[in-house]
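Residue numbers (numbering that gives the first Met the number 0), protein chains in the order written: chain H, 0 to 369; chain C, 0 to 369.
Beta carbons are placed, not taken as given, at the ideal position from N, Cα and C, and that holds for glycine.
Protein chains: 2
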Amino acid sequence: MNTLIGQGVAAIDTPALVIDLDAMQRNLAAMATFAHERGLRLRPHAKMHKSAWIAQQQIAQGAVGVCVQKTSEAEALAAQGVRDILITNEVIDQAKLNRIAVLAREARLGVAVDCALGIERLAAALKAADSRLDVFVEIDVGHGRCGVPPREAAALARSVMERGLRFAGLQAYHGRAQHLRGFAERSAAIAAAAAAVREALGALAAEGIGCPLVSGAGTGSFVLEAGSGLWGELQCGSYLFMDRDYADNDAPAGTPRFEHALFVRSQVMSCAADRAVIDAGHKSHAIDSGLPRVWQREDLEFVNGGDEHGLVIRRTAAARLPGLGEAVWLVPGHCDPTVNLHDRMVGVRGGLAGGTVERIIRVDARGCTA
Amino acid sequence: MNTLIGQGVAAIDTPALVIDLDAMQRNLAAMATFAHERGLRLRPHAKMHKSAWIAQQQIAQGAVGVCVQKTSEAEALAAQGVRDILITNEVIDQAKLNRIAVLAREARLGVAVDCALGIERLAAALKAADSRLDVFVEIDVGHGRCGVPPREAAALARSVMERGLRFAGLQAYHGRAQHLRGFAERSAAIAAAAAAVREALGALAAEGIGCPLVSGAGTGSFVLEAGSGLWGELQCGSYLFMDRDYADNDAPAGTPRFEHALFVRSQVMSCAADRAVIDAGHKSHAIDSGLPRVWQREDLEFVNGGDEHGLVIRRTAAARLPGLGEAVWLVPGHCDPTVNLHDRMVGVRGGLAGGTVERIIRVDARGCTA
């Protein structure tokens, strides 16, 4: 794979996950600037790229650290030198908590809790490992997945402190809101999330508990959380690569413009009068948020061809189908699970058309779901 | 991971892909018996399990070899000792064809073709590598993806032979037919596929070309292909693990009964009154053919919770939700892309409830999409 470095894009075997490094770096800078100008901490979500090298690029441009969802993701990134990681998720398994407590000796870690048992087990693990970490109480701000109702935040925070652990603030993320197409719907969802955060802050204050930080927000809504004055830390991930799904959202005013930076390079391997068959199917790109789009070919449509194939058909009668061996670039529907299908990403400088391979980026935490 | 061997299932970190080895071996034997009794060759599709160890188990029980879809899959399995591999797919890229030609020096290989350019490039690669392989002409038997119309098979076979290559027969697989729920619909689809095969055989005979073999069929339809008297080799893959989607098909009379042998072991990591949140989402199981089913809990339903979470809810008012830390076993909707998410599978003997880990099975060709 490393022999690719310095070669033109035509040398990239297909299908392959390709990053337009120029576009990625513009996205990286745009979000860093946004957070900096508003005095907010930026802690990008590394569940999206799962790469220590990219995490370090984000940290070098001002991010305080990164987020992950899973214990094994934290371990994989820490093993490659990432030193500040928040697990934005509950961990209830004692063996995993023990691993986290050991890892907390060498990296600054945080983790979310939403129940007494989780706090109890975490305290036992930290005591055994003689380590400390940041404990965030997760509140359900409307997603309906993890997290306690806002009014219960105070009791959990109290429990965290009574066990001698560091209460670091609230985890408040509304995942479903990210994918509401219309700006008005997203605004309403985040307004409700903000009300939930205010309720939790009120409950904490009534108990005399200060809240050091509210962390949350994603690429679809962060302008709204940032504008609320409640969140102090943004957890956006997808902004770096962008995908078809996020690009289909109405962009609220004041949102930095992010570019597509993640692509699947595929190739036509069979042709018929009404279709070109390409060598990329849903083992190459995730389809949970819909099918990929054919990059810069509005006249073509990608049709699901199964695990290993894609069909490219005409959207207009005049469209020219790509020919045998021709490259077809896809914009994945959802970047996170697409990246997770690949062991590596090919970083290209100078654009997809005539660019050069600059770097092979390992997906260090690929498959780290545990 | 290897320290797991000999431990009980409770020691398996979650989420993890688990194989019930007893069920798998019963499935393996049932299909081997079916093929043997009908005098048919069995060449199971390894795109499903992507494991050299499993391929060798299949070969040890009478399979002539395995199928794959991709060049890099063939390379990964050959590197682990698999010596008879049919790539049931077109390869048009010259660099890939060159790799195939080199690999054909050390393993018996086959590949599908459906155009003159593919044959020309394959011939050049084989000449350069001084190797030979089996060339199958793929005909479109109704899937509408790769393959030529049946009447064009003779011209391609002629072209294969004129270039000094070995014409090995027809590749005739109807992928979409596998997933038609009703037996009547599947029967009609395979009847049409059989008519297409007859047309191609007629065209070959008219040109004086013998057809050594017709290869194809999948887990949803193989009883029909076997009954047609046309197919000589079955390419079924999913029968070994079974998934929710195949299990939802009407089983035709005379089909061996296959059991679920592939599971995701997950764990509850957050609870609310109306849901248990488990630690497996669609980074742990594919959702292209629908969501997983909760194993042996008809009263519970899996609801999509995103990349890293699943929601388990009640289907009946009396259902007991699993509690914090409790294991939840899922039957994936579609086994092939689910296996492709994991680097390894945990082989359990003695059942999911009280069994023991016997073996860690590497997914050798995981991510081999090129």
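Residue from the options with nearest C-alpha to residue i
{"i": "residue 339 of chain H", "options": "C:366, C:335, C:362, C:346", "result": "C:366"}
{"i": "residue 153 of chain C", "options": "C:197, C:358, C:175", "result": "C:197"}
{"i": "residue 39 of chain C", "options": "C:316, C:222, C:264", "result": "C:222"}
{"i": "residue 95 of chain C", "options": "C:72, C:83, C:272", "result": "C:72"}
{"i": "residue 233 of chain C", "options": "C:217, C:248, C:2, C:244", "result": "C:217"}
{"i": "residue 180 of chain H", "options": "H:303, H:220, H:148", "result": "H:220"}
{"i": "residue 335 of chain C", "options": "C:362, C:215, C:328", "result": "C:362"}
{"i": "residue 303 of chain H", "options": "H:323, H:278, H:256", "result": "H:278"}
{"i": "residue 208 of chain C", "options": "C:185, C:168, C:177, C:98", "result": "C:168"}
{"i": "residue 132 of chain H", "options": "H:160, H:331, H:80", "result": "H:160"}
{"i": "residue 33 of chain H", "options": "H:253, H:345, H:129", "result": "H:253"}
{"i": "residue 319 of chain C", "options": "C:1, C:296, C:347", "result": "C:296"}
{"i": "residue 155 of chain C", "options": "C:199, C:173, C:184", "result": "C:199"}
{"i": "residue 163 of chain C", "options": "C:175, C:118, C:187", "result": "C:118"}
{"i": "residue 337 of chain H", "options": "H:244, H:258, H:166", "result": "H:244"}
{"i": "residue 343 of chain C", "options": "C:3, C:16, C:287, C:307", "result": "C:16"}
{"i": "residue 147 of chain H", "options": "H:345, H:172, H:130, H:105", "result": "H:172"}
{"i": "residue 300 of chain H", "options": "H:257, H:61, H:283, H:274", "result": "H:274"}
Residue i (DSSP reduced to helix, strand or coil)
{"i": "residue 40 of chain H", "result": "strand"}
{"i": "residue 170 of chain C", "result": "strand"}
{"i": "residue 88 of chain H", "result": "strand"}
{"i": "residue 208 of chain H", "result": "coil"}
{"i": "residue 337 of chain C", "result": "helix"}
{"i": "residue 309 of chain H", "result": "strand"}
{"i": "residue 401 of chain C", "result": "Limits of chain C in this structure are 0 at one end and 369 at the other, which puts residue 401 of chain C out of reach."}
{"i": "residue 140 of chain H", "result": "coil"}
{"i": "residue 25 of chain C", "result": "helix"}
{"i": "residue 15 of chain C", "result": "strand"}
{"i": "residue 240 of chain H", "result": "coil"}
{"i": "residue 232 of chain H", "result": "strand"}
{"i": "residue 1 of chain C", "result": "helix"}
{"i": "residue 353 of chain C", "result": "helix"}
{"i": "residue 257 of chain H", "result": "coil"}
{"i": "residue 214 of chain H", "result": "strand"}
{"i": "residue 165 of chain C", "result": "strand"}
{"i": "residue 181 of chain C", "result": "coil"}
{"i": "residue 226 of chain H", "result": "helix"}
{"i": "residue 147 of chain H", "result": "strand"}
{"i": "residue 65 of chain H", "result": "strand"}
{"i": "residue 201 of chain H", "result": "helix"}
{"i": "residue 7 of chain C", "result": "strand"}
{"i": "residue 58 of chain C", "result": "helix"}
DSSP bridge partner residues for residue i (one or two, in chain order)
{"i": "residue 344 of chain H", "result": "H:360"}
{"i": "residue 277 of chain C", "result": "C:267, C:309"}
{"i": "residue 109 of chain H", "result": "H:85, H:133"}
{"i": "residue 330 of chain H", "result": "H:292"}
{"i": "residue 300 of chain C", "result": "C:312"}
{"i": "residue 262 of chain C", "result": "C:17"}
Residue i at chain B interface by Cβ criterion, 7 angstroms
{"i": "residue 281 of chain H", "result": "This model lacks chain B altogether; the protein chains it does include are H and C."}
(Q) Closer than 7 angstroms between beta carbons: that is the criterion. Which residues of the segment 283 to 302 of chain H meet it against chain C? (A) Taken in chain order, the members of the segment 283 to 302 of chain H whose beta-carbon sits within less than 7 angstroms of a beta-carbon on chain C are 283, 286, 287.
Q) Name the residues in the segment 306 to 327 of chain H whose C-beta lies less than 9 angstroms from a C-beta of chain C; which are they? A) Residues 306, 307, 308, 310, 323, 324.
Q.
Quick check: the segment 188 to 197 of chain C against the segment 140 to 155 of chain C, are at least 3 beta-carbon pairs closer than 8 angstroms?
A. The answer is yes - the segment 188 to 197 of chain C touches the segment 140 to 155 of chain C, with three or more Cβ pairs under 8 angstroms.
Q.
What are the residues in the segment 56 to 79 of chain C lying within 7 angstroms of chain H by C-beta distance?
A. Within the segment 56 to 79 of chain C, contact with chain H at the beta-carbon level (separation under 7 angstroms) is assigned to 68, 69.
Q) When Cβ atoms are compared, which residues of the segment 118 to 152 of chain C fall closer than 7 angstroms to chain H? A) Within the segment 118 to 152 of chain C, the residues whose Cβ lies closer than 7 angstroms to some Cβ of chain H are 144, 145, listed in chain order.
Q: For the segment 97 to 119 of chain C, enumerate the residues whose C-beta is nearer than 9 angstroms to any C-beta of chain H, in chain order.
A: Hits within the stretch, in order: 113, 114, 116, 117.
Q) Counting Cβ pairs, one atom from each stretch, are 3 or more of them under 8 angstroms apart for the segment 7 to 15 of chain C and the segment 349 to 357 of chain C? A) Touching, per the Cβ criterion.
Q | Residues of the segment 333 to 348 of chain C with Cβ closer than 8 angstroms to any Cβ of chain H, in chain order | A | Those residues of the segment 333 to 348 of chain C that come within reach of chain H (Cβ to Cβ, closer than 8 angstroms) are 335, 336, 339, 340, 341, 342.
(Q) Closer than 8 angstroms is the cut-off here; do at least three beta carbon pairs connect the segment 236 to 244 of chain C with the segment 25 to 34 of chain C? (A) Yes, they touch.
**Q.** Stretch-stretch touch, CB-based, cutoff 8 angstroms, three pairs: the segment 202 to 215 of chain C with the segment 280 to 293 of chain C
**A.** Here the segment 202 to 215 of chain C does not lie against the segment 280 to 293 of chain C, with fewer than 3 beta-carbon pairs under 8 angstroms apart.
(Q) Across the segment 81 to 90 of chain H and the segment 61 to 68 of chain H, are there enough close Cβ pairs to call them in contact, namely three or more that are closer than 8 angstroms? (A) In the pairwise beta carbon analysis, the segment 81 to 90 of chain H is classified as touching the segment 61 to 68 of chain H: at least three pairs are separated by under 8 angstroms.
Q) Listed in chain order, which residues of the segment 11 to 41 of chain H have Cβ atoms closer than 8 angstroms to some Cβ of chain C? A) Correct list: 12, 13, 14, 15.
Q. What residues in the segment 242 to 272 of chain C bring their beta carbon closer than 9 angstroms to a beta carbon of chain H?
A. Against chain H - using a Cβ distance shorter than 9 angstroms - the residues of the segment 242 to 272 of chain C are 266, 267, 268, 269, 270, 271.
Q: Name, going along the chain, the residues of the segment 356 to 369 of chain C whose beta-carbon falls closer than 7 angstroms to a beta-carbon of chain H.
A: Cβ contacts with chain H: 366, 368, 369.
Q. Would the segment 263 to 278 of chain H and the segment 326 to 335 of chain H be scored as touching if the rule is three or more Cβ pairs under 8 angstroms?
A. Judged by pairs of C-beta atoms under 8 angstroms, the segment 263 to 278 of chain H touches the segment 326 to 335 of chain H, as three or more such pairs exist.
Q. Residues in the segment 204 to 225 of chain C with C-beta within 7 angstroms of chain H's C-beta atoms, listed in sequence order?
A. For the segment 204 to 225 of chain C, there are no residues whose beta carbon sits under 7 angstroms from a beta carbon of chain H.
Q: Mind checking the segment 83 to 94 of chain C against chain H and listing, in chain order, the residues whose C-beta falls within less than 9 angstroms of any C-beta there?
A: So the close ones are 88, 89, 90, 91, 92, 93, 94.
Q. Relative to chain H, which residues along the segment 158 to 187 of chain C have a C-beta separation below 7 angstroms, given in chain order?
A. Considering only beta carbons, the part of the segment 158 to 187 of chain C lying closer than 7 angstroms to chain H consists of 174, in chain order.
Q: Return the residues of the segment 186 to 200 of chain C that lie within a Cβ-Cβ distance of less than 9 angstroms from chain H, sorted by chain order.
A: So the list is empty, because no residue satisfies the distance condition.
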